[in-house]
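In full-length UniProt numbering, the protein residues as written are 1 to 301.
To start, the structure itself, in structure tokens.
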């Protein structure tokens, strides 16, 4: 019988996560909360929520990044005898029966590293964050493609992703050098390079909030997510880092990601909100990416 351990990464959630922990407790064998350096008040709220279920809380004391927090949770899940690890953000909420549907995906296909749900945003312009392999890039799945029991994808959004522990032993853990942004993309590329398949079960639903503002541009059906200056830094730096890893990404995808980065820099550099800070962080992200710098964003004198 599979043993599913949920790993929830928290960082100062602005809402009560009791409901999330209760849903995960009902669908999984164990729930582990890895807190990534929340404030004292935030950690207290998390521990209060965990006390209402059987969830275990592992405080890291500081923000070590999403990849490091996930790796701490995965290690604990392995200690608990997990055959599968369900990754979750604190701002996601699985639909009833989601984990069971994800598990069935492993029974339906061979050599599967991970199965993910259909992540949906509950707001105007909300996305269905499923990306399939296209010639020039990972592209959004069409409604026709999502009208299936299982869909093979380019990579999986981390939150709601059910990972096979045996695959982790081959593919490896999350890349902590990236800190945040593109961590799930990088792991997915490694998994596919190792010959594994990544699947989405569209019938398994997950409410997911990216926590960003969105802007609808004329002539574009998909919303543009607006990140803060620090995230501008990580997205610029880590995009360059992945483009430089030639063995991971097909050359056409690398060309397209360079093009995407140019558009991203132009759009965010022109935003009126904190425009000077955005441009500074984008320049720094590009510089650090070209220099091969990684890890957390450190203050500089």
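Note that CB positions come from ideal geometry on N, CA and C, so glycine has one too.
Per DSSP, which one or two residues make a beta bridge with residue 35?
Residue 35 pairs with 10 and 59.
Give the straight-line distance between the Cα atoms of residue 78 and residue 269, rounded to the nearest whole angstrom.
Distance from the CA of residue 78 to the CA of residue 269, rounded to the nearest whole angstrom, comes to 43 Å.
Sort 111, 208 and 265 by Cα distance to residue 193 and report the nearest one.
Taking only the C-alpha atoms, the option nearest residue 193 is 111.
Taking 9 Å as the threshold (C-beta atoms), are residue 66 and residue 46 in contact?
No, these two residues do not count as a Cβ contact at 9 Å.
By DSSP, does residue 288 sit in helix, in strand, or in coil?
Residue 288: helix per DSSP, three-state reduction.
If we ignore side chains and look at the alpha-carbon of each, how far apart do residue 149 and residue 202 end up?
Using only the alpha carbons, I get a separation of about 6 Å.
Taking 8 Å as the cut-off, is the C-beta of residue 73 nearer than that to any heavy atom in the ligand NAP?
Among the components of this structure there are no ligands whatsoever, and the ligand NAP is therefore not found.
When DSSP labels each residue in this structure, what does residue 140 get in the three-state scheme?
Shown here, residue 140 sits in a strand according to DSSP, grouped into three states.
Between residue 158 and residue 151, is the Cβ-Cβ spacing less than 9 Å?
Taking 9 Å as the Cβ cut-off, residue 158 and residue 151 do not qualify as a contacting pair.
Neighbourhood of residue 19 by C-beta, 6 Å cutoff - its chain only, sequence neighbours within 5 removed:
A distance below 6 Å between beta-carbons, with the five flanking residues on each side excluded, links residue 19 to no residue of its chain.
Cα-Cα separation, residue 8 to residue 190:
Their backbone Cα atoms lie some 23 Å apart in a straight line.
Where residue 196 falls: helix, strand or coil (DSSP)
DSSP places residue 196 in coil when its eight states are reduced to three.
Could you check whether residue 82 and residue 34 sit closer than 9 Å to each other, using their CB atoms as the reference points?
Not a contact, by the Cβ cut-off of 9 Å.
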